[in-house]
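Shown next, in structure tokens, is the structure this report addresses.
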Amino acid sequence: MSRLIIVSNRVQPPTGEGAGNQGGLAVALSAALRESSGIWFGWSGETTEQFTGHINLQRNFGVTTATIDLEAQDVDEYYNGYANRTLWPLFHYRIDLAEFESGFAEGYERVNARFAETLEPLIEADDLVWVHDYHLFPLGQRLRERGIGNRIGFFLHIPWPPHGLLLSLPNHRELVETLFAYDVVGFQTQTWLQSFFDYVTQEMGGSVEEDGRVTVGDRSILALACPIGIDTQNFVEASQSAPARYTCYRMKQSANGRDMIIGVDRLDYSKGLEERFLGYERFLSANEGHHGEVFLLQIAPPSRGDVQSYQEIRASLDSLSGRINGAFADVEWVPIRYVNRGYPRDRLAGIYRAARVGLVTPLRDGMNLVAKEYVAAQDPEDPGVLILSRFAGAVEQLGDAVLINPYSAEDISDAIKMALSMPLEERIARWRSLMDNIEAEDVMWWRRRFTDALELVPQPTE
Ligand code: GDG
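For the sequence shown, the positions run 61 to 522 when our numbering is used.
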């Protein structure tokens, strides 16, 4: 097995706390790195006065991490700028929020060149290099320019926008061309893969074969849909751990016989939180009989607080939750519990398990792991109901959830009503079908599917 080098914007060194604090992706990537004695390379999250290219090499719990510090200007232009104010909104179909500043694009190019320059000496012959996400589209090309001939793959965690939308990005073609420096490019779903094919055929005159080989000029790559999963077994165990059971018990006590609806999302406009609150408000207006019988717990840890659109969504949710609680609450009942902080993973699993309904309503989402975690945490004999947006990547695998249009308050309201009254038999049948997929296509399956494809790519010398 070749050594694996994983590259992502931020590196999350393992903490050794098992199911406690580490994210599912970090757990899976750490396992892969341990198996292949690999390295995880990326930004430390720290800034430095002047970029030096100094690599901080560490080994924690069997995983080697290699991190670099960036200048404050890099963070502003590359991370807060091009990644989170240009690409993120545009790739989530929010062209209205996308900002096109040439300084952002320059910072993005500069940081990708810095990643390539510092990573190059760490790469040995036969290493597989796996680059993650929209922060690093051009990295493969920068590495090729430095003579790296290894197999290099790229996985996009977010959606790929429709052809017409992508045209609004200045220099869109140059950006897409950089993908042709990779050997394998992975997307979360068939839908995003198809949008990529549309761009390549309509904009670049490229061709697509049935097996996913995409050719533009003299360069051919393999493009595939490779949906990310969760570490299902680990999450099921987390949901049965002592902290999870205790949390579940406490939640049920505090619910006091009421049904809990749970939402867990990074505070991000792509997650459809305002629309969710409005849908729940509509449910309350239309179903007086449920007053005092149900409540929504929305956990939303703040993210990207340096970006204005994130400050705006936070303010808007503060005001909406206040308005809804003001209109409907009485002395013994508050309809929305809105919490702006995160919880350890095992406690989160206990909270999911205590919830009768999981409400996952992104306006657009590459995949959405919360939907899968909610299902994995359920009691098989008395499972809750997943309500899922048609616009989350997860819908391609989780079609047996209650599907809704997240833009429609009426749809959300009807789905909540239906979920709360769903008979046990139907809840079990739907849950079983969702869980079958979540067990079969877990995060290890995802990782193997991608790295197997990368390992099979013929090298020029073979
Ligand atoms: C990107 C794509 C794609 C959230 N609150 C807490 C907490 N979380 C964890 C969840 C889940 C993760 O964060 C969020 O994952 P998502 O998939 O929902 O979303 P993004 O952060 O937007 O991730 C997305 C993903 O990449 C993977 O490819 O699915 O589409 O946008 O694991 O559990 N974790 C803990 N406490 C919290 O309060 N411990």
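Glycine included, each C-beta is placed from N, C-alpha and C at the ideal position.
Nearest-angstrom Cβ-Cβ length linking residue 118 and residue 125, presumed shorter than 8 Å: 5 Å
Per DSSP, the bridge partner or partners of residue 463: 448
Closest Cα partner of residue 294 within the set 61, 498 and 111: 498
Residue 457 versus residue 504 - alpha carbon distance: 16 Å
Residue 14 and residue 64 closer than 9 Å at C-beta: Any property of residue 14 remains undetermined from this structure, which presents the chain solely from 61 to 522.
Rounded separation between residue 149 and residue 105 - CA only: 22 Å
Among 86, 144 and 68, nearest to residue 538 - alpha-carbon criterion: Past the boundaries of the shown model lies residue 538; the chain is included only from 61 to 522, so the question cannot be answered.
Rounded C-alpha distance that separates residue 169 from residue 340: 43 Å
Cβ pair count under 8 Å reaching 3, the segment 287–302 against the segment 268–277: no
Residue 231 beta carbon near the ligand GDG (any heavy atom closer than 8 Å): no
DSSP three-state assignment for residue 106, whether helix, strand or coil: strand
For residue 124: DSSP bridge partner residues: 99 and 119
Sequence-distant residues of its chain with Cβ nearer than 6 Å to residue 333 (five each side left out): 377
Buried versus exposed call for residue 79 [16 or more other C-beta atoms within 10 Å across all chains shown]: The predicted model places residue 79 with a pLDDT of 46, which falls under 50 and marks its position as unreliable; any figure quoted below should be read in that light. It counts as buried.
Spatially closest choice to residue 20 from 249, 240 and 248, by CA coordinates: Because the chain spans 61 through 522 in this model, residue 20 falls outside it and cannot be assessed.
Distance CB(residue 409)-CB(residue 427) smaller than 9 Å: no
C-beta neighbour in chain C for residue 238, strict 9 Å: In the structure shown, chain C cannot be found, because there is only a single protein chain.
Residue 283, enclosing alpha helix (DSSP H) - first and last residue: Not the alpha helix (DSSP H): residue 283 falls in the beta strand (DSSP E), residues 279–285.
Residue of 345, 508, 424 and 369 minimising C-alpha distance to residue 389: 345
Of the residues 229, 172 and 186, the one placed nearest residue 201, counting alpha carbons only: 172
Best match in 367, 358 and 430 for proximity to residue 398 [C-alpha to C-alpha]: 358
Local Cβ density within 10 Å of residue 434, reported as buried at 16 or more and exposed below that: buried
Run of the beta strand (DSSP E) containing residue 192, from where it starts to where it stops: 188–192
Neighbour-count burial assignment, residue 156, 16 or more Cβ in a 10 Å radius: exposed
Residue 144 beta carbon near the ligand GDG (any heavy atom closer than 8 Å): no
For residue 485, the nearest candidate out of 443, 286, 496 and 275 (CA to CA): 443
Residue 328 and residue 363 closer than 9 Å at C-beta: yes
6 Å CB neighbourhood of residue 300 in its chain, flanking five on each side removed: none
Inter-residue Cα distance where the pair is residue 335 and residue 289: 26 Å
Identity of the residue in 261, 375, 265 and 211 nearest residue 245 by Cα: 211
Which of helix, strand or coil DSSP assigns to residue 79: Because residue 79 carries a pLDDT of 46, less than 50, the predicted location of this residue cannot be relied on, and no value is offered for it.
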